[in-house]
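Q:
In the working numbering, the protein residues as written are 217 to 473.
1. Applying the 10 Å Cβ sphere with the 16-neighbour rule, what's the burial state of residue 327?
2. Within 10 angstroms of the Cβ of residue 400, are there 16 or more other Cβ atoms? Answer buried if so, exposed if not.
3. Between the beta-carbon of residue 241 and the beta-carbon of residue 315, is there less than 8 Å?
4. Can you tell me whether residue 391 is buried or exposed, with buried defined as 16 or more other CB within 10 angstroms of its CB?
5. In angstroms, rounded to a whole number, what distance separates the CA positions of residue 303 and residue 253?
6. Exposed or buried, which one is residue 370 when buried takes at least 16 other CB atoms within 10 Å?
7. Going by DSSP in three states, residue 357 sits in which element: helix, strand or coil?
8. Anyone know if the C-beta pair for residue 413 and residue 469 falls short of 8 Å?
9. Beta-carbon within less than 8 Å of residue 463's beta-carbon, same chain only, minus the 5 sequence neighbours each way: which residues are those?
10. What's the call for residue 283, buried or exposed, on a 16-neighbour Cβ count within 10 Å?
11. Judging by CA-CA distance, which residue of 329, 357, 363 and 290 is the nearest neighbour of residue 307?
12. Just to confirm, are residue 249 and residue 310 a CB contact at a threshold of 8 Å?
13. According to DSSP, simplified to helix, strand and coil, what is residue 278?
14. I'd like to check one pair, residue 273 with residue 281: are the Cβ atoms closer than 8 Å?
15. Out of curiosity, what's the CA-to-CA distance linking residue 266 and residue 318?
16. Using the C-alpha atoms, what's the distance from residue 313 back to residue 246?
17. With the cut-off set at 8 Å, would you say residue 305 and residue 397 are in Cβ contact?
18. Judging by CA-CA distance, which residue of 348, 288, 298 and 228 is the nearest neighbour of residue 424?
19. Is DSSP giving residue 462 helix, strand or coil here?
20. According to DSSP, simplified to helix, strand and coil, what is residue 438?
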């Protein structure tokens with residue numbers, strides 16, 4: 217077999233391996249996002265109602281427990297998951313794109329922004345650990361990419377879960393993802409699906425940036441070599457991801473209101 221054929225086969229194998237790895241990351245990231253969002257959907261619904269004020273309660277009686285009871289009384293237990301279907305359809309591609317594109321942007325940062333002259337930079341490229349500011353940059357770019365792709369679904373989810381049916385005889389105006397998008401386009405035009413896209417896109421940069429940046433910093437402070445077992449590696453990722461998510465949520469919350 218000639219050298220040219222060998223190189224061609226190696227190139228094909230590398231492209232195939234990269235495609236399989238990206239698909240695996242997108243699938244795992246999407247499924248993890250769906251599980252997490254379903255588990256926290258009741259709290260998300262209460263948050264949305266608190267932000268929009270469309271719950272029919274007085275300003276002095278808007279505690280979490282009161283909103284919780286009000287949702288169940290007016291819409292039943294399933295009301296706690298109102299809009300979760302749209303959220304899951306958004307979350308699966310969104311989180312999949314976030315994790316897959318984060319790897320792409322990390323590689324671009326390593327290729328173009330990490331100097332290859334210093335020994336520390338060479339080590340960074342080998343273990344794929346980026347400096348904190350580059351982890352922030354790659355995370356922000358991946359968040360912007362995912363948000364731009366899935367924003368109409370996020371818009372539909374907000375409309376479905378942002379208003380409470382205060383009377384059993386008056387159901388919610390929107391009854392599903394397709395219904396929400398169809399009514400919105402019919403009444404307000406196609407571009408209405410992108411209302412609020414600009415602040416959302418701008419908010420995705422610091423949110424995903426802080427999240428991935430925090431994880432990057434923690435990975436440097438607590439390297440994987442210190443682990444004693446595979447199980448601890450899983451909890452390490454859970455803890456790092458949780459800390460990154462809390463930091464990002466607290467800092468960027470005003471943009472989400």
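Just so it is clear, CB atoms sit at the ideal spot from N, CA and C, and this is done for glycine as well.
A: In short:
1. If you number the chain shown from 1, residue 327 lands on position 111. It is exposed - the Cβ of residue 327 has fewer than 16 other Cβ atoms within 10 Å.
2. In the chain shown, the residue the question calls residue 400 occupies position 184. Counting Cβ neighbours within 10 Å, residue 400 comes out buried, since at least 16 surround it.
3. Against the chain shown, residue 241 aligns to sequence position 25. Against the chain shown, residue 315 aligns to sequence position 99. Contact: yes.
4. Sequence index remark: in the chain shown, residue 391 carries index 175 (1-based). Exposed, because fewer than 16 other Cβ atoms sit within 10 Å of the Cβ of residue 391.
5. To locate residue 303, count along the chain shown from 1; it is residue 87. To locate residue 253, count along the chain shown from 1; it is residue 37. Taking the CA atoms as reference points, residue 303 sits about 8 Å from residue 253.
6. Taking the first residue of the chain shown as position 1, residue 370 is located at position 154. Buried, because 16 or more other Cβ atoms sit within 10 Å of the Cβ of residue 370.
7. Numbered from 1 along the chain shown, position 141 holds the residue referred to as residue 357. It is helical.
8. On the chain shown, residue 413 is found 197 positions in, with the first residue counted as 1. On the chain shown, residue 469 is found 253 positions in, with the first residue counted as 1. Going by C-beta atoms, residue 413 is not nearer than 8 Å to residue 469.
9. The count along the chain shown starts at 1 and reaches residue 463 at position 247. Excluding residues up to 5 positions away in sequence, 426, 427 and 430 lie with their Cβ nearer than 8 Å to the Cβ of residue 463 in the same chain.
10. Within the chain shown, the letter at position 67 stands for residue 283. It is buried - the Cβ of residue 283 has at least 16 other Cβ atoms within 10 Å.
11. Indexing the chain shown from 1 puts residue 307 at position 91. When only C-alpha atoms are compared, the closest one is 363.
12. For the purposes of this step, residue 249 is identified with residue 33 of the chain shown, where counting begins at 1. For the purposes of this step, residue 310 is identified with residue 94 of the chain shown, where counting begins at 1. In this structure, residue 249 places its C-beta atom within 8 Å of the C-beta atom of residue 310.
13. Taking the chain shown and counting its residues from 1, the one referred to as residue 278 is at position 62. In the displayed model, residue 278 falls within coil according to three-state DSSP, outside both helix and strand.
14. Taking the chain shown and counting its residues from 1, the one referred to as residue 281 is at position 65. Taking the chain shown and counting its residues from 1, the one referred to as residue 273 is at position 57. No.
15. The count along the chain shown starts at 1 and reaches residue 266 at position 50. The count along the chain shown starts at 1 and reaches residue 318 at position 102. Rounded to the nearest whole angstrom, the C-alpha separation of residue 266 and residue 318 is 32 Å.
16. Position 30 of the chain shown, counting from 1, holds the residue named residue 246. Position 97 of the chain shown, counting from 1, holds the residue named residue 313. Going by C-alpha positions, residue 246 is about 8 Å away from residue 313.
17. Numbered from its first residue, the chain shown carries residue 305 at position 89. Numbered from its first residue, the chain shown carries residue 397 at position 181. Taking 8 Å as the cut-off, the Cβ atoms of residue 305 and residue 397 do not count as close.
18. As a position in the chain shown, residue 424 is number 208, starting the count at 1. Nearest in C-alpha terms to residue 424, of all of 348, 288, 298 and 228, is 348.
19. Counting from one through the chain shown, the residue named residue 462 turns up at place 246. It is helical.
20. If you number the chain shown from 1, residue 438 lands on position 222. Per DSSP, reduced to three states, the secondary structure at residue 438 is coil, with no helix or strand assignment.
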